[in-house]
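Working notes, structure below.
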């Protein structure tokens, strides 16, 4: 493969994570030092920044500030949720992207996101091939949901998992402080895949975690749930429960959106999140003091509790995207292949964008207990190595010191 | 004052904090090494453990585990919410306490808690004096609410404040990631005093915090609130709001409990927490994407984000309680007197229990802006020194390693 000289664009897309900026830094830092790459542009708000000709010249940034991206959560370039149309139906966006690529002599495109972003990557790459414009396209994975196909795990998952496990441990102590008993329902992100909710089992494995864990992978049954809780509460005086926001009834209805009815344990109309709905149902059943807690955005932006392993792997995935693209590879997403037999080893592997684009990876059924209300050891063995290591966190006045980018617009 | 030899009891009461166990460790570690104190007992669940003769022999604990109390949130001995009766009306409890004190030759009583706990201390002390049983009683303060009278600040406040400020900064980045705008309402603890909610201003001072902050110290006006938010959202496309759970309307009704009515911005019946109620009202007014986040228990048990200053001061308050009691002092609560003119200096001062017992300290009106929707620099200058320093946090597998106490019952 001959050398391809030109500029690169990097963009971020979808829901942010604690470490997506580590991947970004991996791309930028590697690209800035690679002689084949003439300019490094950051797209404002993902593909929308390309479409709107809003590109930042990353070479103008202070290297010390760029380095702080590893302890800056959220997407430093801004993100978007933009679904690309099928180019055979409407190629307006693709023509615009081509125009921008030509304008800035862009020969490398790195896109940092989840399933939808890999779909975007794939469509852009196929279009450029069709019109004969040489541009190497690489997907850099991120998602706290950990649901990308083909890779052992996704950058962003481990840090969110560590936040969840740590918070569950701390809340466990708080929720056991009175001798008068207490039940606590914790709602965790994950619409279709239960990886994050399963991470609460890391707290249980340490002795300070949920007694019951419900993932979207198993159909939810309200009567069974209330019986499960009641049994533990009657026996111990306490019960801690972790639920995924995406749990559904057998018929596919989200528990969080189901209509109130007497039969499902909700005696009266309910608004608010799943945690408070379930807390009310549990209170009605047990009469206990019940608290519902939603970890909300906190779990995906808690960079102060990030996993060093996750930060390093995120950086490595950005770095690998650049190095492989320069070496001639295109149309791939960077993934991880891991070996846990003798300690933990993680290697980069490249996956076809078209395979990754629209497949979701769920928690294997055999990693969930038979009753569907707990997590088996296989998950602990899988997840524990991923959360290891403390970040070298940038602080000022004992508060986070985030990267401050100048964001100089490209000319 | 002659030497008083005998056992001591230490108990914990009220809502736990991230650092109340540092105070506990200050008492236990100092008492175990003081020759005047013959035995160190920990009361299970505060005064209930004394009443129920459930005392742990702290001398049986492994010193290395006791040292881990400084990174263990919640109340390691268990807590209670037990209001002591007036002894002139019903002295049953006091007689029982006297019996236990005599049984174990208890001459020192240390009680670790907030306003109510200081009231308990005070009543027990006065009763013991009345019946002529010599026992020195000292209050060791704690409360995330920071509302204890007479002391510059309370152990537990700073760590919760740091958690709140850090979380607000992280959420700020997350809530500004899309170019499509977003409004975020964060609900923070504090029923009558707004100290904790004010702590979100530390995030604003760093450039990543709430635009609007509402404390219980100022009467809440829904129309004014919605206008405030709308103005900022229209101008910037974003708005971040911090509210105290205890905000009230002019007539004293809690906003979180007010009946739904069209005039107060709630068009329809609402359940769930204040954050989601306000989020709904804001959504109706602005049409924006709005998210309500309740920091819930997380803010008072997030020991991984504790302030080292807070940990050290908490330990020092426990230590001072013991040393002063042995030196002959009784009927006092340990407080802090601080000087911020040339750096930060904090000294122990002793306060009369009877003064502390039933007074609440609120945020001074002049520390809140005139409009009642923001915090002035005086608060930043006050709070910033308190949150300084990172804890030497005990970990195992990159998760918290809490103190494991044997809790051997006293014979």
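Protein chains in written order, with our numbering: chain A, 78 to 488; chain B, 78 to 488.
Don't be surprised by glycine CBs; every beta carbon is placed ideally from N, CA and C.
Note that this is a predicted model, so its numbers are computed, not measured.
- The criterion of a C-beta distance shorter than 7 Å is satisfied by residue 191 of chain B and residue 220 of chain B.
- Between the segment 86-103 of chain B and the segment 457-464 of chain A, the count of Cβ pairs shorter than 8 Å is below three; the stretches do not touch.
- An exposed status is given to residue 144 of chain A, since fewer than 16 other beta-carbon atoms sit within 10 Å of its beta-carbon.
- Contact annotation: residue 429 of chain A and residue 422 of chain A have beta-carbon atoms that are not nearer than 7 Å.
- Out of A/311, A/167 and A/303, the CA that lies nearest to the CA of residue 357 of chain A is found in A/303.
- Beyond the five residues adjoining it in sequence on each side, residue 483 of chain B comes within less than 7 Å, by CB distance, of 137 and 138 in the same chain, given in chain order.
- For residue 433 of chain A, the enclosing alpha helix (DSSP H) stretches over residues 430-433.
- Listed by position along chain B, the residues whose Cβ is nearer than 9 Å to that of residue 206 of chain A form an empty set, because the closest Cβ is around 30 Å away.
- Neighbours of residue 324 of chain B in chain A, taken as residues whose beta carbon is under 8 Å from its own, are absent, since the nearest beta carbon is some 18 Å off.
- Nearest CB-CB separation between residue 230 of chain A and chain B: not below the 7 Å threshold.
- For the pair residue 288 of chain B and residue 449 of chain A, the Cα-to-Cα distance works out to about 44 Å.
- Against chain B, the CB of residue 265 of chain A has no partner CB under 7 Å away; the residue lies outside that interface.
- Proximity of residue 483 of chain B to chain A, defined by a Cβ-Cβ separation below 7 Å, is not satisfied.
- Apart from the 5 residues on each side of it in sequence, residue 451 of chain B sits with its Cβ closer than 6 Å to the Cβ of 290 in its chain, given in chain order.
- For residue 184 of chain A, the uninterrupted beta strand (DSSP E) segment begins and ends at 183-190.
- The beta carbon of residue 408 of chain B is closer than 7 Å to those of 202, 214, 429 and 430 in its chain, skipping five residues each way along the sequence.
- Boundaries for residue 396 of chain B: no beta strand (DSSP E) harbours it, while the alpha helix (DSSP H) harbouring it runs 385-403, taken from the DSSP string.
- According to the DSSP assignment, residue 119 of chain A belongs to the beta strand (DSSP E) that extends over 114-120.
- Taking 7 Å as the cut-off, the beta carbon of residue 170 of chain A is found no closer than this to the beta carbon of residue 84 of chain A.
- Contact between residue 280 of chain B and residue 246 of chain B holds: their C-beta atoms lie close to 5 Å from each other, under 8 Å.
- Of B/419, B/152, B/330 and B/435, the smallest CA-CA separation from residue 255 of chain A is found for B/152.
- Rounded to whole angstroms, residue 237 of chain B and residue 259 of chain B show a C-alpha spacing of 26 Å.
- Scanning the segment 300-373 of chain A from its first residue to its last, the whole alpha helix (DSSP H) runs of 4-plus residues come out as 351-363.
- In terms of beta-carbon proximity, residue 465 of chain B lines the interface with chain A, with at least one pair separated by less than 7 Å.
- Only those residues of the segment 232-261 of chain B whose C-beta falls short of 9 Å from the nearest C-beta of chain A are listed: 239, 242, 243, 244, 246, 247, 248, 249, 250, 251, 252, 253, 254, 255, 256, 257 and 261.
- Taking 7 Å as the CB threshold, residue 452 of chain B stays off the interface with chain A.
- Its chain contains 409 as the residues whose beta carbon lies nearer than 6 Å to that of residue 427 of chain B, once the 5 sequence neighbours on both sides are disregarded; these appear in chain order.
- DSSP, read as helix, strand or coil, puts residue 478 of chain A in coil.
- Using a Cβ-Cβ cut-off of 7 Å, residue 378 of chain B counts as an interface residue toward chain A, since at least one Cβ of chain A sits closer than that to its own.
- Proximity of chain B to residue 226 of chain A at the Cβ level (cut-off 9 Å) is not reached, the minimal Cβ distance being about 25 Å.
- Put simply, the CB of residue 223 of chain A is far from chain B, with every gap to its CB atoms at 7 Å or more.
- For residue 282 of chain A, the closest of A/178, A/456 and A/185 by C-alpha to C-alpha distance is A/456.
- Interface annotation, residue 106 of chain A: not in contact with chain B, CB-CB separation never under 7 Å.
- For the segment 353-386 of chain A, the beta-carbon criterion of a distance under 9 Å to any beta-carbon of chain B is satisfied by 353, 354, 357, 368, 369, 370, 371, 372, 373, 374, 375, 377, 378, 379, 380, 381, 382, 384, 385 and 386.
- For residue 239 of chain A, the uninterrupted alpha helix (DSSP H) segment begins and ends at 234-251.
- DSSP places residue 464 of chain B in the helix class (H, G or I) of the three-state scheme.
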